[in-house]
Every structure is written in C-alpha cells, then in structure tokens.
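Visitor: Can you keep this structure in mind? I'll have questions shortly.
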Amino acid sequence: MAKTILIVDDSASIRQVSSITLKGAGYEVLEAQDGKAGLGKLDGRKIHLIITDINMPIMDGITFIYEVKKLPAYRFTPIMVLTTESEDRKKAQGREAGAKAWVVKPFQPAQILDAVSKLILP
Amino acid sequence: MGSLRTTPIVVIRSGDGTERYGNVTGRRVPRACRKLPLRLLVWYSYTYRPPVLTTLTQTMDSSTPLNYLSSPWLWVPVASSGAGAVAVAIGGDTSALIAIPILLVVGVVLGVWLTRYTAAALSSLEESAANTVGPASAGDCHTTADLEEVCLKVLPILSRQIETSRSQTEEAVTDLSCRFASIVGRLEKSAVGSVSSQSSDTGKGGLFSQSESRLTSVVHTLDGIVEDKNRMLNEVRSLTSQMDVLNQMAADVKKIADHTNLLALNAAIEAARAGSYGGGFGVVADEVRRLSRQSGETGRHMGEQVGNLHNAVATALAAAEDSARREGQMMEGAESSIQRVLADFRAFTDALESSSTELRASSSVILKEIEEVLVALQFQDRTSQILTQVRKNIDSLHGQVHAHAQAREHGGEAPPINVRDWLAHMELNYATWEQHRDHSGATKGAEGMAAKRPVPAAEPSTVTFF
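Here the protein sequences come in this chain order: A and B. The first sequence begins at 1 in this note's numbering and counts up by one. The second sequence begins at 123 in this note's numbering and counts up by one.
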C-alpha cells in the first residue's frame, strides 16, 4: 500500500511541486495550507511522514510541530521541515520542536525523495 | 546617525525653476534655527548658488580646506563688528581699548561659526536632496506635514501594489505548476504505456510473430483444403475407371441377350420342325426371344446411361482439375502476398518501434526538463516571502508616519524611533538568505550593525538531518 505524506505549506505552488514529486515516486499525498489545517488532517488516519513549512499564517510550522508532538497517535511520525529559512538559529528551533530533517527550498526532486526515503516510517 | 530627529523640511529652488525638497538630517541643528532662519539661509544660499554652494560643498570635501575667505557668512558679522569697532573708536572712550578687540573677536567667531554651520547644513541638505522622491509637481510639499501626507497616501498604495503583484505571481505560478503536473502525468502514462506494450506479448515483436503464425495457419488451412480437393479428384478419377467396368458389364449383358436371342431363334426353328408337338416349345421360344430382346434393350440403355455418366464425370473431372490448377496458382499468389504483407508489416513495426524508442527518449528528456522547471518554480515562494515582508515593513513605516502625523497634529512630541532596533527587527523576520545579503549590502557603507553579521552562504540548498 502506498505510504501517505502530509504536506503543510501556505504556498500553493510549493504544495503542487512537492505533490508532483512525491506522487511521481508513488506516495499518496495530503495537503494543508497552514499548521491549523494540517492538524485537521491528523484525524486518526495513518500518516507516514509530515513535511511542513515554517513561515505560515494562522499557525506557523514550529507551533505545528509542537502540536503534532502532543498527539499520541502522531507523536512518532517523522517531521521534515521544508522552508526558505537557512539560519542555524531557526534550524535549532526546529530540532528542539522535534523535526527530524531540515530542507532548504528550492529543493531538487531527487534530493527530497532521498530525504523522504530515509525518514519515512516502514 | 543615532536617532531620527524632528528636523525641518526645506525647499530647494534650482536655477531652472524646479523645486526639490529635502530633510536636513545628520546634523544637530539648533532649535532656534530649525524653521524660519534655516529657510531664509537656504533661500539665500540657493539664490546665490554658484559662488556660495560651490564653495560650501567643496569645504565639506575633506581634501579641500574650508575656504572662509570666500564665504559671505564670515564677512557679514566681521564687517558688522568692524563697523561697530570703528564707531567705538570714533567715540574715543577709554573703554574702546577693551570693546574694539571684543567686538572684532565676536564678529570673527560669529562669522566662522556661521560659515561652518551653513557649510554643514547645506552639505547635508545636498545629500538628502539627492535622495528625495523627486521634483514636487505643484510645489505643495513645503513642510513636514506635506511629506507625511505623501507617505500616508503613497505607502498604502505601494503596499497594495506589492501585494497585488505578489498574489498575481503566485496565482500564475500555481497555474503553471498545475499544468506541469498534468504534463508530467501524461508523459508518465505514455512512457508506462509504451514500456508495457514493449514488454507484453502484444508488443512489436510479439505482434509480428503472432500475425505471422496466424497468416501461416491460414495458408496451411488453404493447403489442407486443396489436398482434400485433390483426394476427391482422385476418387472421381477412380470412379471413371469403375464406369468402364459398368460399360463392359452393359456390353456383356447385350452380348448375352444376343446369344439368348440366337438360341431362342434356333429353338423356334426346332419347334416349327417338330410340328404340333413343338407348339408349346415354340411359345416358350417366342417368350425367350422377347426376353432376350428386352435384355438387349436394357443392356443398350445401360451402355447409353453409363456413357452419359462417363461423359458427365469426365467433364466434371476436367473442370475440377482446371479449378485445382487455378487454385494452386492462387495459393502460390496468396503465399507470396502474405509474405509481402508480413515484410511490409515488419518494416512498419520496425519504424514504429524506432519512433516509440525516440518518443520514450524525448519524453524522459522532457521529464528531466520539467524537473528543472519544478525547481525554478519554487523561487516564486522565495520572492513571495520577500515581497510579503517588504509589504509588512512598508505597512509599519506607514504606521510610524501616521503616529508621527497624529502627534504633530496634537502638538505633542513624535514617538522616538530607534533606527538600530528597527533594522534589527527587520532582520529578525527575514526568511531568505537573499534578504540578509540585501540588508547588509544596503547598510554596509553606513554604520549598520547588520554589516557585521555573517551572511549565510549563497545557495544553501541542503538537507540537514537532526
């Protein structure tokens, strides 16, 4: 069965691009435009990996990661940050919140697929 | 530049009649000189622009010493104090010995101060006027209030325009990526289709051999039919030979009838010779003759019928043999046609295969190109973030100008702005390395603190695992 990945990003074009890349590799993709909408997608279904942006309206990525880690069903779901931020200070915030990887946009499709395959739950 | 101060706005009238306005910054201007005196001073300086400004601007250049002697600002007070000293000297009082040097010193000091002050004010005025928004069309931007009004009106427009262009770019790029997604989908489908058709039995090779075996089986079936027909012809030929036997039999019957008739004739003769004793025998002999005649008739009939039958069979056989010969020729034609069709078909499938290989190759090239496009499309997100922050900064600048305007309207002191904090706050919210680069580039020459911060390396497109 195809693995499911949740993409949380306020930029529709980034959601599209990530979605094309991941669907092309055989993953099932769910999309949300901010942290709050992303939490709405975590309704008990099996999610194998979460990819989130940092700068988003309504709920930013760091808060979203903290909220996901509070949910028993998704506490161990790996989270990858996909953002334009490349400062070490921001990366440290992400790691503290519980992210497993930090990818700086723009990404090469092969690069993100490699990172996904390393992180995704079996 | 420590903090922004409330400084007067001055209007610079150039020789060609256009007006520019500038904010005298960078110098602590005495409160008393902020408004009217400075305006007069500037008006005076620009009225006499060629000699005065050239001199004063030169004086600000560190390589050129301040030329006091050519400055009217030195000579006006020096001349006044000189006149006073002369007046005091004419009075002839003993206190003149003290007053004359004091007046002269005061005049010189005042002249030097005025020269330096004017030089500083005009130089900073030049500098800021060079950075002003441009010529004022109706000459109605004479005061701080006017600049504030311009800011209050222009900044929201700029903000909205940035937002519009940002959202339009986002829509366009989203639409583009949608289209690319569908192209990728179609390409993948066609690539998968051509690969599966290649690998399956109905692929080019399979299709050819399948068609060949089907056509060959048709030829075999036709061959079988021809063989059946030949067997049937042989049967008919053997029937013809049996026909001869029948003919012989009919001839034999006729012969027997003739003999019988001869015998009956002899019997009748013998009966006639016997007279009345041979009467009954004569009847029998007559009957036998009649029977032999009938037998002879039947034998003749049989011979005729067998002859007819033989003719019919011979005609049929000839026709069948003719048709068999034609069929043989047709079979040969059919086989060569089938071979030709198969050859054409092979040529066609070969061409099809090479074009499908080409198609697969070009679609994989296109897929690669699209992958590159997908990377390029992500830059929209970066520009969108940068534009969003530019808009936010313009909005906060607008808020600041608004607060400033309100404070001025109510006669209060405008809220102070800490430029260092402002810049630091801007930098804190940057999301991309380009923003940091531009920020430090913008403030590098000045005493900006951001310039001292390390700028992230260009193209930091990396994956970090925690």
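Virtual Cβ for every residue (Gly too), placed ideally from N, Cα, C.
Kindly list the residues whose CB is nearer than 7 Å to the CB of ASN430 (chain B), restricted to its own chain and excluding five residues on each side of it in sequence; keep chain order.
Guide: Cβ neighbours of ASN430 (chain B) beyond the five flanking positions: none.
Visitor: Listing by chain order, which chain B residues have their CB less than 7 Å from the CB of GLU28 (chain A)?
Guide: Neighbours of GLU28 (chain A) on chain B: none; closest Cβ ~15 Å, over 7 Å.
Visitor: Ordered along the chain, which non-local residues of its own chain (more than five positions away) have a Cβ less than 6 Å from that of TRP102 (chain A)?
Guide: Same-chain partners within the cutoff: VAL81, LYS91, GLY94.
Visitor: Label LYS105 (chain A) either buried or exposed according to how many other C-beta atoms from any shown protein chain fall within 10 Å of its C-beta, with 16 as the threshold for buried.
Guide: Buried, by the Cβ-count rule.
Visitor: Please check the pair GLY418 (chain B) and ASN383 (chain B), which I expect to be a contact at CB under 8 Å, by giving their CB distance rounded to whole angstroms.
Guide: Right, their Cβ atoms sit about 7 Å apart.
Visitor: Looking at the strands, I want to know which residues DSSP matches up with GLU494 (chain B).
Guide: None; GLU494 (chain B) has no bridge partner.
Visitor: Indicate whether ALA436 (chain B) and THR338 (chain B) have their beta-carbon atoms separated by less than 8 Å.
Guide: Result no, Cβ atoms of ALA436 (chain B) and THR338 (chain B) do not sit closer than 8 Å.
Visitor: Any idea what DSSP makes of THR554 (chain B), helix, strand or coil?
Guide: The answer is coil: DSSP assigns THR554 (chain B) none of H, G, I, E or B.
Visitor: Which chain A residues are close to LEU496 (chain B), counting only those with a beta carbon under 8 Å from its beta carbon?
Guide: Simply VAL17, ILE20, THR21, PRO109.
Visitor: Quick check: what's the CA-CA separation for ILE5 (chain A) versus SER18 (chain A)?
Guide: Rounded to whole angstroms, ILE5 (chain A) to SER18 (chain A) spans 10 Å at the Cα level.
Visitor: For the beta strand (DSSP E) containing ALA536 (chain B), name the first residue and the last one.
Guide: Where ALA536 (chain B) is concerned, there is no enclosing beta strand (DSSP E), given that its DSSP letter is neither H nor E.
Visitor: Using three-state DSSP, classify ALA32 (chain A) as helix, strand or coil.
Guide: Correct three-state label for ALA32 (chain A): strand.
Visitor: Give the C-beta separation of GLN557 (chain B) and GLN500 (chain B) to the nearest angstrom, bearing in mind that I take them to be a contact with Cβ-Cβ under 8 Å.
Guide: Not confirmed; about 16 Å, so no contact.
Visitor: Report yes or no: do the segment 221 to 230 of chain B and the segment 197 to 210 of chain B share at least 3 C-beta pairs separated by less than 8 Å?
Guide: Verdict: yes, contact present.
Visitor: In angstroms, rounded to a whole number, what distance separates the CA positions of THR77 (chain A) and LEU121 (chain A)?
Guide: When rounded, the distance between both Cα atoms is 7 Å.
Visitor: Between the alpha carbons of VAL230 (chain B) and GLY533 (chain B), how many angstroms are there, rounded?
Guide: Cα to Cα, VAL230 (chain B) sits roughly 39 Å from GLY533 (chain B).
Visitor: Of the choices B:GLU493, B:GLY421, B:LEU387, whose alpha-carbon is the least far from that of ASN369 (chain B)?
Guide: For ASN369 (chain B), the nearest C-alpha among the options comes from B:GLY421.
Visitor: Give a yes or no on whether 8 Å exceeds the smallest Cβ distance from LEU499 (chain B) to chain A.
Guide: So, interface residue.
Visitor: Compute the distance between the beta-carbons of ILE20 (chain A) and LEU496 (chain B), then report whether it is under 8 Å.
Guide: Yes.
Visitor: Show which residues of chain A have a CB atom less than 8 Å away from the CB atom of GLU292 (chain B).
Guide: Result: SER11, ALA12, SER13.
Visitor: Out of B:LEU277, B:ARG359, B:THR296, B:THR240, point me to the one whose CA is closest to GLN16 (chain A)'s CA.
Guide: Nearest of B:LEU277, B:ARG359, B:THR296, B:THR240 to GLN16 (chain A), Cα basis: B:THR296.
Visitor: Given a limit of 9 Å on CB to CB distance, which residues of the segment 24 to 48 of chain A reach chain B?
Guide: Of all residues in the segment 24 to 48 of chain A, GLY24 have a Cβ within less than 9 Å of some Cβ in chain B.
Visitor: Please compile the residues from chain B whose C-beta is within a distance smaller than 9 Å of the C-beta of ALA115 (chain A).
Guide: What ALA115 (chain A) touches in chain B: VAL585, PHE587.
Visitor: Of all Cβ atoms in chain B, is any one closer than 8 Å to the Cβ of ARG75 (chain A)?
Guide: Chain B, which has no Cβ nearer than 8 Å to the Cβ of ARG75 (chain A), makes this no.
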